[in-house]
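Everything on this sheet refers to the single structure shown next.
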Amino acid sequence: MAGDSPTLDETEVKRPTKKYKVTFQPQNVTIEVDPADLPYGRHGLAGSILDIAEQAGVKLDHACGGVCACSTCHVIVRQGLETCNEASEDEEDQLDDARGLTVLSRLGCQCVPDGTTDVVIEVPSWNRNLASEHDH
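Under the working numbering, the letters of the sequence shown match residues 987 to 1122, in that order.
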């Protein structure tokens, strides 16, 4: 299960029109995002921080599959928050349950940068999925 939730209101998102960079901390992974390649997969809203993290190989928990039904993909937008879509009421409700909430907190599955500036994302230590199953 990933992508869209039929229970969510449509979230207004301004799509990027030019390339920009997203840096994930503390992993020190930077990915150049080309709007022509979005979405990368079905991880949250198209072009979301979660979608970008998955493409970059950055481990970011997302127990609900990216449909804004939990708070496991909680991230902190350290730079570029003003270029991201506004949090919906559904996202704010889920963030109420997030550990370590800050004024810069967003759900990775719902946060979509518009590409007007580079973005720096902190993945809190409790949200880094360090264990994963290998393909059999």
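Every residue gets a Cβ at the ideal spot worked out from N, C-alpha and C, and that includes glycine.
Between the CA atoms of residue j and residue i - distance to the nearest angstrom
i: Ala1055; j: Glu1078; result: 11 angstroms
i: Val1106; j: Thr1016; result: 9 angstroms
i: Asn1014; j: Leu1046; result: 14 angstroms
i: Asn1071; j: His1029; result: 16 angstroms
i: Glu1040; j: Ala1049; result: 14 angstroms
i: Leu1087; j: Ala1022; result: 33 angstroms
i: Gly1101; j: Glu1068; result: 11 angstroms
i: Ala1042; j: Glu998; result: 25 angstroms
i: Val1089; j: Ser1074; result: 15 angstroms
i: Gly1051; j: Gln1065; result: 25 angstroms
i: Lys1004; j: Leu1031; result: 18 angstroms
i: Arg1085; j: Gly1033; result: 24 angstroms
i: Ile1038; j: Val1044; result: 9 angstroms
For residue i: DSSP bridge partner residues
i: His1060; result: Leu1093
i: Lys1007; result: Glu1018
i: Cys1050; result: Looking at the DSSP assignment, Cys1050 forms no beta bridge with any residue, so it has no partner.
i: Glu998; result: None; Glu998 has no bridge partner.
i: Ile1107; result: Phe1010 and Val1063
i: Pro1099; result: Cys1070
Contact under 8 angstroms by Cβ, residue i with residue j
i: Thr1103; j: Tyr1026; result: no
i: Cys1097; j: Val1061; result: yes
i: Gly1094; j: Leu1036; result: yes
i: Val1008; j: Pro1110; result: no
Where residue i falls, given that 16 or more other Cβ within 10 Å makes a residue buried
i: Pro1002; result: buried
i: Val1019; result: buried
i: Asp1083; result: exposed
i: Arg1092; result: buried
Any non-hydrogen atom of the ligand NAD within 7 angstroms of residue i CB
i: Val1063; result: With respect to the ligand NAD, the structure offers nothing, as it holds no ligand at all.
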